[in-house]
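Chemist: Here it is: the structure, laid out below.
If you want it as structure tokens, here you go:
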């Protein structure tokens, strides 16, 4: 963690916390994490092109080559009756 938002550090917000972390954009980004038994949603502030199908930054799900290939395979499998 690089830094913590002042409102977070003094617990003045009830619904969310803001922290600054360094992330490796070549690795898969996740939409949520499990902390002490609670599932927490993650919002990547400043990163607007995140695909949670493949987890990469730079495109959205509707433009994901991996998701499109997976969908085509599923359609072909269904059409073949497999």
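Residue numbers (full-length UniProt numbering): 1 to 82. All C-beta atoms, glycine included, are put in the ideal place defined by N, C-alpha and C.
(1) If I measure Cβ to Cβ from residue 55 and keep anything under 8 Å in the same chain, skipping five residues before and after, which residues do I get?
(2) Kindly indicate the opening and closing residues of the beta strand (DSSP E) around residue 60.
(3) Just reading off the beta strand (DSSP E) that residue 32 is part of, what are its end residues?
(4) Need the endpoints of the beta strand (DSSP E) that residue 38 sits in, please.
(5) Less than 8 Å between the C-beta atoms of residue 32 and residue 49, yes or no?
Modeler: Reading it off the structure:
(1) In the chain shown, the residue the question calls residue 55 occupies position 55. 27, 28, 29 and 30, listed in sequence order.
(2) The sequence position of residue 60 within the chain shown is 60, counting from 1. Element bounds for residue 60: n/a, residue is neither H nor E.
(3) Along the chain shown, one-based indexing puts residue 32 at 32. 32 to 35 is the span of the beta strand (DSSP E), which, as asked, contains residue 32.
(4) Working through the chain shown from its first residue, we reach residue 38 at position 38. Here the beta strand (DSSP E) through residue 38 covers 38 to 41.
(5) Taking the first residue of the chain shown as 1, we reach residue 32 at position 32. Taking the first residue of the chain shown as 1, we reach residue 49 at position 49. Cβ distance not < 8 Å, so residue 32 and residue 49 don't count as in contact.
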